[in-house]
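Same order as they appear, the protein sequences are chains P and F. Numbering of the first sequence is given in my numbering, commencing with residue 265 and proceeding in unit increments. Numbering of the second sequence is given in my numbering, commencing with residue 123 and proceeding in unit increments. Just so it is clear, CB atoms sit at the ideal spot from N, CA and C, and this is done for glycine as well. All values reported here derive from a predicted model rather than from experimental measurement. A quick write-up on the structure given underneath.
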Amino acid sequence: MKGRPCGVFDVRYSQDRAILRTKTHWALFILFLIFLFTIPIFLKGHLLSLGIIIGTTMIAMFGAQVMVGYTMQITLGHAGFVGFGAYVSALLTHHLGWNFFFALPMAGLGAALYGLIIGTSTVRCKGLYMVIPTISAHFIFFYLVNEVFKKWTFGSEGIQCATPVLFGFAFNTDFRYFYLVAILTVIMGLAAKNLVRTKTGRAFVAIRDNDIAAEVMGIDIYRYKLLAFAIGNFYAGIGGALWAHYVTYINTEFFPILDTVYYVAFLIVGGLGSIMGAVFAAIFWRVLGEGVNYVAPILDNIMAGTGGNIVSSMGLITFAVVTMLFLIFEPRGIAHRWELFKQSYRLHPFNY
Amino acid sequence: MKGKILRNLMKFFLAGILLMALIVYSSSAEAKPPIRHYYIIDLTGPYGILVPEIFEGTQDYYRYVNEKGGLDGHQFEIPWGETGNMMSRTWSHYKRFKQSGAQFLALFSSPDGEALKKTMEKDGIASYNIGQSDPQIYPPGNIFLDGCSYADGFGAFLKWAKEDWEKKGKAGIPKVGIIGPDAAYGRAATEPGIRFGKQIGVDVVGQEFAPVVPIDLTAQILRLRDKGVDWIWLQGLSQISTVFIKNFNALGLKGKIGIAAFWWTMGTEMLRRVSPEMLEGYIFNTYTYMEVDDRPGIKKLNELRMKYRGKKLVEGYIRGFHFAEVVMGATRLAYKAKGYKGLTGDNYIKYGFERMKNYRGEFDLGAPVTIKPNDRRASNAIRLYQVKGGKVLGLSDWIEVPHLYPPEMTKYFGK
Chain P
265 MKGRPCGVFD
275 VRYSQDRAIL
285 RTKTHWALFI
295 LFLIFLFTIP
305 IFLKGHLLSL
315 GIIIGTTMIA
325 MFGAQVMVGY
335 TMQITLGHAG
345 FVGFGAYVSA
355 LLTHHLGWNF
365 FFALPMAGLG
375 AALYGLIIGT
385 STVRCKGLYM
395 VIPTISAHFI
405 FFYLVNEVFK
415 KWTFGSEGIQ
425 CATPVLFGFA
435 FNTDFRYFYL
445 VAILTVIMGL
455 AAKNLVRTKT
465 GRAFVAIRDN
475 DIAAEVMGID
485 IYRYKLLAFA
495 IGNFYAGIGG
505 ALWAHYVTYI
515 NTEFFPILDT
525 VYYVAFLIVG
535 GLGSIMGAVF
545 AAIFWRVLGE
555 GVNYVAPILD
565 NIMAGTGGNI
575 VSSMGLITFA
585 VVTMLFLIFE
595 PRGIAHRWEL
605 FKQSYRLHPF
615 NY
Chain F
123 MKGKILRNLM
133 KFFLAGILLM
143 ALIVYSSSAE
153 AKPPIRHYYI
163 IDLTGPYGIL
173 VPEIFEGTQD
183 YYRYVNEKGG
193 LDGHQFEIPW
203 GETGNMMSRT
213 WSHYKRFKQS
223 GAQFLALFSS
233 PDGEALKKTM
243 EKDGIASYNI
253 GQSDPQIYPP
263 GNIFLDGCSY
273 ADGFGAFLKW
283 AKEDWEKKGK
293 AGIPKVGIIG
303 PDAAYGRAAT
313 EPGIRFGKQI
323 GVDVVGQEFA
333 PVVPIDLTAQ
343 ILRLRDKGVD
353 WIWLQGLSQI
363 STVFIKNFNA
373 LGLKGKIGIA
383 AFWWTMGTEM
393 LRRVSPEMLE
403 GYIFNTYTYM
413 EVDDRPGIKK
423 LNELRMKYRG
433 KKLVEGYIRG
443 FHFAEVVMGA
453 TRLAYKAKGY
463 KGLTGDNYIK
473 YGFERMKNYR
483 GEFDLGAPVT
493 IKPNDRRASN
503 AIRLYQVKGG
513 KVLGLSDWIE
523 VPHLYPPEMT
533 KYFGK
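And the structure:
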């Protein structure tokens, strides 16, 4: 009964399975949806743009969470997988004239397929050893785009990505695009939340906690590890495609190796092994980045124009310090604090 | 008695406040609104090795102009954002600046320009970039390049190499190989260079790719050696050229194959990073003068940097200063034609950049700036420098660069 509101008991399996258990849950969820879909009316361009970037990052972060947080398949190739999905969608819309909404699932499937191919060799490794093969996925992606398929991708010159259009309605403003991203983020988030509660999700968790024990229990480790790769990268591909068609142009420099590090680092900050952790991770990453962007020039002015020398490293230092502080003081991330808050709230007025 | 003193003190106090308020009011009434040039720069990404000094030069130019009263009483402000070469941050800054009413945006990297090209055209924002890759200006849009493009600069070197080859009476044609990263600027010279090489009789054998920050380039150098190159052209930042020089010397190729490089390898910086003996004969091109040039503008700039920063002049600072000087030239023209309220993106382009003819600026730090219709290059000339006896020396005067636009752009420029 841990984590249930006081006096709430399940008497049917459907109640036990429900994500939203009480009327309060439903009310809060509806309020959240109202907030999410009315906020663009009050936000101006830049904050809307930030919201879109957070949304696309969040979708990719759900994928990273499935791979790292739930199955402990440490990936340092996530930016490459995001890029792969972005390119699949860009190529289909640019060369074949596909509608974005048909290209979008293909972007996810393309990235999932790429993940499966990489995964076949990667899943033989465990823990930190997985870093090397997954990081190679990032460089293979660069090579494929800039060399092998240069004729279609235009190499480092980059490729234009069409604005999404649905029944003649173009998502060509931040206001419109926000809704597209928000809807998909909610759907993908709920899907991820459900996934980890299924038999497959529990197999992922079993492999993460002890793969030998999982195998003894009859879980096909190879299959489930590959599945985690495919699902995680499907999310990465969708996030990448949404991002690509928002900025309307991509080249490989849009997917730097440092992003890959940030995906994992901020997953730790957000909280491993929880979908809310991925939500917090994406928000924290992007908002912290914005904060640094605002503060650095102000500091530069105060320091009488150091040419950015002193403040230039602020972003890197801040990100690194935040990650280290979380590792030391709250290794279970913001999601754990969120859980503690929820539990204490639910137990109110009792403190035990 | 006490009450009288207090009353007098109060009167003085109130009079003081009134006076202060009057001063503040009159000064604010007289102060003209600032002109804002927005900057998106990479200080912590791969360009972080160059940009801090360049941006110092840019900031100091604005400081210098503001100290002299600004433009017709309008002071300049330069809000900036740092990207770390991450497009999400570039995008975020762009949106923020656009929301603040930006009409002019200065960029410090080719990928940023390439990414924002279409959007800036849609939003009517004018831009000037110190990263000079081709896709930003073909087809011509709202981005202008400081100097010529990387491809044009390489073309000028090929022309020089061909002439030098013939002058020395060598048989056959010179062979040139390229080493550069797999990035917008790293590949910029290759395809146009091969095309132009065929025209003038230079065999550009292709490119060997290197990481932006390499550890070893032996394999790349050996592959080019095996292709029988006479010259290796470096199209990477100074992280690449530093490693290259070390490997090149270790292989005993010094004197057997010539080395030439584009301007962002930072020729004089290299002298600080590797021993001058290793660099002997190293040639590089640039669209600005160097600190070694005996020119009044360079001397004046040296004094200015000493005054503002307490440091000696370096080439990055010169380019940053020159960059801002060209931007200021365009701003002055647009302001003269359309006034403060007319400083819109379109007017920056039509009445500013596109009207620049033989512009040299107060400091005269680079090739004269002349912008022709549809041509988004600020100049069409480069100078060559060479390391000799541990010093950087001028090898040529201004050389006109060939205009190596892509074949599909003939509708803009003719054949």
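**Study point:** Test item: CB-CB of Gly315/F and Phe370/F under 7 Å
**Key:** By one-based count along the second sequence, residue 315/F stands at place 193. By one-based count along the second sequence, residue 370/F stands at place 248. Result no, Cβ atoms of Gly315/F and Phe370/F do not sit closer than 7 Å.
Check your understanding: Looking at Ile318/P and Ile547/P, is the spacing between their C-beta atoms short of 7 Å?
Key -> Translated into positions along the first sequence, residue 547/P becomes position 283. Translated into positions along the first sequence, residue 318/P becomes position 54. A contact, by the Cβ cut-off of 7 Å.
Check your understanding: How long is the line joining the alpha carbons of Ala599/P and Ala542/P, rounded to whole angstroms?
Key -> The residue given as residue 599/P occupies position 335 in the first sequence. The residue given as residue 542/P occupies position 278 in the first sequence. When rounded, the distance between both Cα atoms is 9 Å.
Exercise for review: Determine the burial state of Val412/P: buried for a count of at least 16 other Cβ atoms within 10 Å of its Cβ, exposed for fewer.
Suggested key: What you label residue 412/P is simply residue 148 of the first sequence in a count that begins at 1. Of the other Cβ atoms in all chains shown, fewer than 16 fall within 10 Å of the Cβ of Val412/P; this residue is therefore exposed.
Check your understanding: Do three or more CB pairs link the segment 480 to 498 of chain F to the segment 448 to 463 of chain F at distances below 8 Å?
Key -> yes
Practice item. Report yes or no: is there a C-beta of chain F within less than 7 Å of the C-beta of Pro561/P? Key: Against the first sequence, residue 561/P aligns to sequence position 297. Closer than 7 Å: yes.
Practice item. Out of Met208/F, Lys220/F, Asp234/F, Gln321/F, point me to the one whose CA is closest to Leu312/P's CA. Key: On the first sequence, position 48 is the one that residue 312/P refers to. Among Met208/F, Lys220/F, Asp234/F, Gln321/F, the Cα nearest to that of Leu312/P is on Lys220/F.
**Study point:** Buried/exposed call for Met370/P, threshold 16 Cβ in 10 Å
**Key:** On the first sequence, position 106 is the one that residue 370/P refers to. Met370/P is buried by the Cβ-count criterion.
Exercise for review: Just the C-alpha distance for Pro520/P and Ala343/P, rounded to the nearest angstrom, thanks.
Suggested key: Looking up residue 520/P in the first sequence gives position 256. Looking up residue 343/P in the first sequence gives position 79. One C-alpha to the other measures close to 7 Å.
Check your understanding: Are the beta-carbon atoms belonging to Pro333/F and Val365/F less than 7 Å from one another?
Key -> The residue given as residue 333/F occupies position 211 in the second sequence. The residue given as residue 365/F occupies position 243 in the second sequence. In this structure, Val365/F does not lie closer than 7 Å to Pro333/F by Cβ.
**Study point:** Arg285/P (DSSP reduced to helix, strand or coil)
**Key:** Start at 1 with the first residue of the first sequence, and residue 285/P comes out as number 21. Coil.
**Study point:** Residue closest to Lys606/P, alpha-carbon to alpha-carbon, out of Arg281/P, His289/P, Val275/P, Tyr277/P
**Key:** Here the question's residue 606/P lines up with position 342 in the first sequence. Ranking Arg281/P, His289/P, Val275/P, Tyr277/P by Cα distance to Lys606/P puts His289/P first.
Check your understanding: What span of residues does the alpha helix (DSSP H) with Gln342/F cover, start to end?
Key -> For the purposes of this step, residue 342/F is taken as the residue at position 220 of the second sequence. It spans 340 to 348 - the alpha helix (DSSP H) in which Gln342/F sits, taken as one unbroken run.
Practice item. Classify Ala467/P as helix, strand or coil using the three-state DSSP reduction. Key: By one-based count along the first sequence, residue 467/P stands at place 203. Looking at Ala467/P - three-state DSSP - the assignment turns out to be helix.
Review point. Should Ala401/P and Ile382/P be called a contact, given that it needs their Cβ atoms to be closer than 7 Å?
Key: Position 137 of the first sequence, counted from the start, is the residue given in the question as residue 401/P. Position 118 of the first sequence, counted from the start, is the residue given in the question as residue 382/P. Cβ distance < 7 Å, so Ala401/P and Ile382/P count as in contact.
Practice item. Report the three-state DSSP secondary structure of Asn502/F (helix, strand or coil). Key: As a working note, residue 502/F is residue 380 in the second sequence. Note: Asn502/F maps to coil in three-state DSSP.
Exercise for review: May I have the straight-line CA-CA distance separating Leu444/P from Phe435/P, to the nearest angstrom?
Suggested key: Here residue 444/P corresponds to residue number 180 of the first sequence, with the count starting at 1. Here residue 435/P corresponds to residue number 171 of the first sequence, with the count starting at 1. Going by the C-alpha atoms only, they are around 8 Å apart.
Practice item. State the start and end residues of the unbroken beta strand (DSSP E) segment that holds Ala248/F. Key: The residue you call residue 248/F lines up with position 126 of the second sequence. 248 to 251 is the extent of the beta strand (DSSP E) around Ala248/F.
Review point. When DSSP labels each residue in this structure, what does Tyr277/P get in the three-state scheme?
Key: If you number the first sequence from 1, residue 277/P lands on position 13. Helix, per DSSP.
Check your understanding: What is the rounded straight-line gap between the Cα of Ile362/F and the Cα of Leu552/P?
Key -> Position 240 of the second sequence, counted from the first residue, corresponds to residue 362/F. Position 288 of the first sequence, counted from the first residue, corresponds to residue 552/P. Going by the C-alpha atoms only, they are around 32 Å apart.
Review point. Of all the CB atoms in chain P, is at least one closer than 7 Å to the CB of Thr166/F?
Key: Working through the second sequence from its first residue, we reach residue 166/F at position 44. Yes - at least one Cβ of chain P is within 7 Å of the one on Thr166/F.
Review point. Listed from N- to C-terminal order along the chain, which residues in the segment 197 to 219 of chain F have their beta-carbon within a distance smaller than 8 Å of any beta-carbon of chain P?
Key: Pro201, Trp202, Gly203, Glu204, Gly206, Asn207, Met208, Met209, Ser210, Arg211, Trp213, Ser214, His215, Lys217, Arg218
Point to revise | Helix, strand or coil at Val585/P according to DSSP, with G and I counted as helix | key: For the purposes of this step, residue 585/P is taken as residue 321 along the first sequence, with counting starting at 1. Val585/P: helix per DSSP, three-state reduction.
Exercise for review: Over the uninterrupted alpha helix (DSSP H) stretch that includes Pro369/P, give me the two end residues.
Suggested key: On the first sequence, position 105 is the one that residue 369/P refers to. Run containing Pro369/P: 364 to 386, per the alpha helix (DSSP H) assignment.
Review point. Given that Thr512/P touches chain F, what residues does it touch there, using C-beta distances under 8 Å?
Key: Reading the first sequence from its first residue, position 248 is the one you call residue 512/P. Residues of chain F whose Cβ lies closer than 8 Å to the Cβ of Thr512/P are, in chain order, Lys240, Thr241.
Check your understanding: Anyone know if the C-beta pair for Gly246/F and Gly467/F falls short of 7 Å?
Key -> Here residue 246/F corresponds to residue number 124 of the second sequence, with the count starting at 1. Here residue 467/F corresponds to residue number 345 of the second sequence, with the count starting at 1. Cβ atoms of Gly246/F and Gly467/F: closer than 7 Å.
Review point. What are the boundary residues of the alpha helix (DSSP H) that Ile602/P is part of?
Key: Reading the first sequence from its first residue, position 338 is the one you call residue 602/P. What sits at residue 602/P in the sequence shown is Trp, not Ile. Unbroken alpha helix (DSSP H) run through Trp602/P: 597 to 611.
**Study point:** Option nearest Phe493/P by Cα separation, candidates Phe364/P, Met394/P, Ala291/P, Asp274/P
**Key:** As a first step, residue 493/P is located in the first sequence; it is residue number 229 there, counting from the start. It is Met394/P whose Cα lies nearest to the Cα of Phe493/P.
Practice item. Give the residues from the segment 299 to 328 of chain P that approach chain F closer than 7 Å (Cβ to any Cβ), ordered along the chain. Key: Lys308, Gly309, His310, Ser313, Leu314, Ile317
Point to revise | Distance between Gly358/F and Thr340/F (C-alpha atoms, nearest Å) | key: For the purposes of this step, residue 340/F is taken as the residue at position 218 of the second sequence. For the purposes of this step, residue 358/F is taken as the residue at position 236 of the second sequence. Their Cα atoms are separated by approximately 16 Å.
**Study point:** Straight-line Cα distance separating Leu454/P from Ala291/P
**Key:** As a position in the first sequence, residue 291/P is number 27, starting the count at 1. As a position in the first sequence, residue 454/P is number 190, starting the count at 1. Spanning the two alpha carbons is a distance of roughly 17 Å.
Check your understanding: Can you list the residues of chain F that Pro520/P reaches, using a CB-CB cut of under 7 Å?
Key -> Locating residue 520/P in the first sequence gives position 256, where the first residue counts as 1. For Pro520/P, the chain F residues whose Cβ falls inside 7 Å of its Cβ are Asn207, Met208, in order along the chain.
Check your understanding: Under 9 Å Cβ-Cβ, which residues of chain F neighbour Asp523/P?
Key -> Here residue 523/P corresponds to residue number 259 of the first sequence, with the count starting at 1. Met208, Ser210, listed in chain order.
Check your understanding: Which runs of the alpha helix (DSSP H) fall wholly inside the segment 387 to 426 of chain P and span at least 4 residues, in chain order?
Key -> 395 to 407, 414 to 417
Review point. Can you find a C-beta in chain P that's less than 7 Å from the C-beta of Glu425/F?
Key: Along the second sequence, one-based indexing puts residue 425/F at 303. Not one chain P Cβ lies under 7 Å of Glu425/F.
Review point. Alpha carbon to alpha carbon, how far is Gly571/P from Gly347/P?
Key: Your numbering for residue 571/P matches position 307 in the first sequence. Your numbering for residue 347/P matches position 83 in the first sequence. Per-residue confidence for Gly571/P stands at a pLDDT of 49, beneath the threshold of 50, marking its modelled position as unreliable; the derived number appears in the next sentence. Answer to the nearest angstrom: the Cα atoms are 33 Å apart.
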